[in-house]
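The next block holds one structure in the form of structure tokens; read it before the comments.
There are 2 protein chains.
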Amino acid sequence: MTKVYTHMTMSLDGYIADPDDGIGELFGWYGAGEVTVPTADENMRFQVDPNSAGLLRDILARTGALVCGRRLFDLTNGWGDNHPVGAPVVVVTHHVPEDAEKWPRTTFAGDVAEGVARAREIADGKDVVISSADIAGQALDLGLVDEVHVSLVPVLLGEGIPYFARLAGAPHRFDDPEIIQGTRATHLRFPVRRVSRPS
Amino acid sequence: MTKVYTHMTMSLDGYIADPDDGIGELFGWYGAGEVTVPTADENMRFQVDPNSAGLLRDILARTGALVCGRRLFDLTNGWGDNHPVGAPVVVVTHHVPEDAEKWPRTTFAGDVAEGVARAREIADGKDVVISSADIAGQALDLGLVDEVHVSLVPVLLGEGIPYFARLAGAPHRFDDPEIIQGTRATHLRFPVRRVSRPS
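As given, the protein sequences belong to chains W and V, one line each in that order.
Counting from 1, one number per residue, gives the positions in the first sequence under the UniProt record's numbering.
Counting from 1, one number per residue, gives the positions in the second sequence under the UniProt record's numbering.
So, in structure tokens, the structure goes:
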């Protein structure tokens, strides 16, 4: 059964990047161990501790589609149409690129609800991962998220780009997390509490 | 040997209270279990899960002094000069209250460095806990903190008063945390990484 979850690497003060999109202080855990985890991109592999390796293998095996925003798509050049997780990408954007045919495995959706719906279809029973912070927040507000995952890094950045911002539907309440302690990251998985909302 | 640490209950998005100082969404873990933990204030007891009970007993046994800011002191009326943790309080403030004699066990210090130094003397080998967010941040920047403790609550508030704000010395890097999983709070204890700074 498809599970929709958000996943970001975050500092203890809630940032997923420094103000200039830098991730040097945060992404150290992807190279902080002895276990090699290959990805779908043959030029990219992780070198992590055993606990984080289990987590990453699980993500690689179970992800059926990714949802991201236009900013991350542009920053990564659409991962060359081959995201390391090995699954098709759905980009939420109001403006489809004119050269969209350069990314034949990538789908463009006009809003978050459509993006998550398309990703569910593509995932075909596997999981949907939301990997842009702004999309994650909007999907949470829309009640489309089953779990919130955080790889919490033991650093305070002081300023930067927040994981959770401009939440219209807050407070959002979760159950207690599953915890996987890695090296340079504590992986937390929070199930979203379902509440009946006035419609 | 005295350990100086900060401790706050914090939402997943980094807030220690809502914008109106409300803590209803955050302090549920103090009443979320079956184990009764008495405090130094006979009118106040915690009712927590076994793991959180162990943590609280440890705090009650080992705290030699608390450091807080004037705002928290005013909000609580100085805890009636009898903080539940059972230790004397040091208040960092530029303006000593005119009726300071109403709090004979409370010490007033003019700045954070003096406050922590006075608390260390009072603690006499026991621990010093910094329990105001603004003081915690300043003490971190001054290099006076050995550990940062967070009781992380599974909720996104969306807005509020941050634990970590206006950090002049960021990034602050920590070692991987010790973790105690409680009910409605994940207790994380991060040792501060000592670095040689240019003086």
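A virtual CB, placed ideally from N, CA and C, is assigned to each residue, including glycine.
{"query": "Environment of D134 (chain V) [buried if 16+ CB atoms lie within 10 Å]", "result": "buried"}
{"query": "Per-residue contacts from V35 (chain W) into chain V (C-beta, under 7 Å)", "result": "Those within 7 Å of V35 (chain W) in chain V number zero; the least Cβ separation is about 17 Å."}
{"query": "Whole-number beta carbon distance between D81 (chain W) and residue 200 (chain W), since they are thought to touch under 8 Å", "result": "Residue 200 (chain W) lies beyond the stretch modelled for chain W, which goes from 1 to 199, so this question has no answer here."}
{"query": "Whole-angstrom distance between I23 (chain W) and E121 (chain W), CA atom to CA atom", "result": "32 Å"}
{"query": "Members of the region 169-182 of chain W that neighbour chain V once the beta carbon cut-off is set at 9 Å", "result": "G169, A170, P171, H172, R173, F174, D175, D176, P177, I179, Q181, G182"}
{"query": "Buried/exposed call for P50 (chain W), threshold 16 Cβ in 10 Å", "result": "exposed"}
{"query": "Pair within 8 Å by beta-carbon distance, T186 (chain W) and I179 (chain V)", "result": "yes"}
{"query": "Cβ-Cβ distance between residue 235 (chain V) and L157 (chain V) below 8 Å", "result": "This structure does not reach residue 235 (chain V), given that chain V is present from 1 up to 199, and the question cannot be answered."}
{"query": "Residues sharing a beta bridge with D127 (chain V), DSSP", "result": "V:T63"}
{"query": "Option nearest L56 (chain W) by Cα separation, candidates W:A165, W:D141, W:G110, W:T36", "result": "W:T36"}
{"query": "Amino acids of chain W, ordered along the chain, whose beta-carbon sits closer than 9 Å to that of L108 (chain V)", "result": "Before going on, a small fix: residue 108 (chain V) reads as Phe here, not Leu. Within 9 Å Cβ-Cβ: nothing; F108 (chain V) doesn't reach chain W, min ~28 Å."}
{"query": "Classification of V96 (chain W) by the beta-carbon crowding that lies within 10 angstroms, buried from 16 upward", "result": "exposed"}
{"query": "M10 (chain V) (DSSP reduced to helix, strand or coil)", "result": "strand"}
{"query": "Where I179 (chain W) falls: helix, strand or coil (DSSP)", "result": "strand"}
{"query": "G115 (chain W) at chain V interface by Cβ criterion, 8 Å", "result": "no"}
{"query": "Contact residues within the region 58-79 of chain W, judged by C-beta distance below 9 Å to chain V", "result": "none"}
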